[in-house]
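Novice: First the structure, then my questions, so here it is.
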Amino acid sequence: MNLPNKLTILRIVLVPLFVALLLTPAIPYNEIWAILVFSLASLTDMLDGRIARKHGLVTDFGKFADPVADKILTMSAFVCFVALGWADAALVIIILAREFIVTSIRLVAAGGGKVIAANLWGKAKTVSQIFAILLVLALQAVNSATGYVYLELFWWIGFAALCVCTALTLISGGVYLWKNRSLIKNVK
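Read left to right, the sequence shown gives residues 1 to 188 (UniProt numbering).
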């Protein structure tokens, strides 16, 4: 297994640690630790692709596993945000639905021997989701440190960021479905 694929696996392995830190307020500075772990996991996303392309280490496993690892990371954060009251459930449901639909199509394609790599819209969606997640985490860490003085204001800022990433998620999903419509039509 090459380095980019190991980084992808590391991203998946960091998810339970991130979730445990985020959902355990008894851990001192749990939101700060969660930000650090999420940031590290997000960094592996940037590095694995760059290393793979620069050194000719692109593999079918990487093309498939990288976007799946992204989904596992971001979906876990969004679900935690709903559980914590930090995100609107409707937005998260839209994001989750898109991710499940796209992953299902990727699985069907993989069953037919075809690997569908992420496109520019998918990458923009992932960046917007990571940004929104980091923003919400940072705002909540500040809220926690200040005794929740800015709770309502920060919730609305986070909501706006989640709306933007939800819009990009919908656009990227539509583009993905359109580009792979022939594959969808041929599913039996």
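We treat Cβ as the ideally placed atom computed from N, Cα and C, and that holds for glycine.
Can you list, in chain order, the residues of its chain whose CB lies under 7 Å from that of residue 110, leaving out five sequence neighbours each side?
Specialist: By 1-based counting over the sequence shown, the position of residue 110 is 110. Within the same chain, residue 110 has close Cβ partners 64.
Novice: Taking the alpha carbon of residue 138 as the reference point, which residue from 6, 118, 122 and 37 has its own alpha carbon closest?
Specialist: In the sequence shown, the residue the question calls residue 138 occupies position 138. Answer by Cα proximity: 37.
Novice: With a Cβ-Cβ cutoff of 7 Å, do residue 69 and residue 11 count as a contact?
Specialist: The count along the sequence shown starts at 1 and reaches residue 69 at position 69. The count along the sequence shown starts at 1 and reaches residue 11 at position 11. In this structure, residue 11 lies closer than 7 Å to residue 69 by Cβ.
Novice: Just verifying my parser: in three-state terms, what is the DSSP assignment at residue 155?
Specialist: Sequence index remark: in the sequence shown, residue 155 carries index 155 (1-based). Here residue 155 sits in helix by DSSP.
Novice: On the criterion of 16 or more Cβ atoms from any shown chain inside 10 Å, does residue 74 qualify as buried, or is it exposed?
Specialist: In the sequence shown, residue 74 corresponds to position 74, counting from 1. Residue 74 is buried by the Cβ-count criterion.
Novice: Between the segment 166-175 and the segment 144-154, can you find at least three pairs of beta-carbon atoms closer than 8 Å?
Specialist: Judged by Cβ distances under 8 Å, the segment 144-154 makes no contact with the segment 166-175, as fewer than three pairs qualify.
Novice: Output the distance between the C-alpha atoms of residue 113 and residue 52, rounded to the nearest integer angstrom.
Specialist: Taking the first residue of the sequence shown as 1, we reach residue 113 at position 113. Taking the first residue of the sequence shown as 1, we reach residue 52 at position 52. Rounded to whole angstroms, residue 113 to residue 52 spans 21 Å at the Cα level.
Novice: Roughly how many whole angstroms lie between the Cα atoms of residue 16 and residue 45?
Specialist: Within the sequence shown, numbered from 1, the residue matching residue 16 stands at position 16. Within the sequence shown, numbered from 1, the residue matching residue 45 stands at position 45. C-alpha separation (whole angstroms): 17 Å.
Novice: Can you give the beta carbon distance from residue 91 to residue 57, rounded, assuming they're within the 8 Å contact cut?
Specialist: Position 91 of the sequence shown, counted from the first residue, corresponds to residue 91. Position 57 of the sequence shown, counted from the first residue, corresponds to residue 57. At roughly 36 Å, the Cβ-Cβ gap does not stay under 8 Å, so residue 91 and residue 57 are not in contact.
Novice: For residue 126, which residues from the same chain have a beta carbon less than 6 Å from its beta carbon, with the 5 sequence-adjacent residues on both sides left out?
Specialist: For the purposes of this step, residue 126 is identified with residue 126 of the sequence shown, where counting begins at 1. These residues qualify, in order along the chain: 70.
Novice: What separation, rounded to the nearest whole angstrom, lies between the Cα atoms of residue 103 and residue 142?
Specialist: Counted from its first residue, the sequence shown places residue 103 at position 103. Counted from its first residue, the sequence shown places residue 142 at position 142. Taking the straight line joining both Cα atoms gives about 35 Å.
Novice: What residue from 123, 146, 105 and 136 has the CA that sits closest to residue 182's CA?
Specialist: The residue labelled residue 182 in the question sits at position 182 within the sequence shown. Per the Cα distances, 105.
Novice: Mind checking residue 149: buried by the 16 CB within 10 Å criterion, or exposed?
Specialist: Indexing the sequence shown from 1 puts residue 149 at position 149. Burial call: exposed.
Novice: Just to confirm, is the Cβ distance from residue 23 to residue 33 under 7 Å?
Specialist: Walking along the sequence shown from the start, residue 23 turns up at place 23. Walking along the sequence shown from the start, residue 33 turns up at place 33. It is not a contact, given that the beta carbons lie outside the stated cut-off.
Novice: Tell me which same chain residues have a C-beta within less than 7 Å of the C-beta of residue 80, skipping the five on either side of it?
Specialist: Locating residue 80 in the sequence shown gives position 80, where the first residue counts as 1. Hits under 7 Å: 19, 22 and 23.
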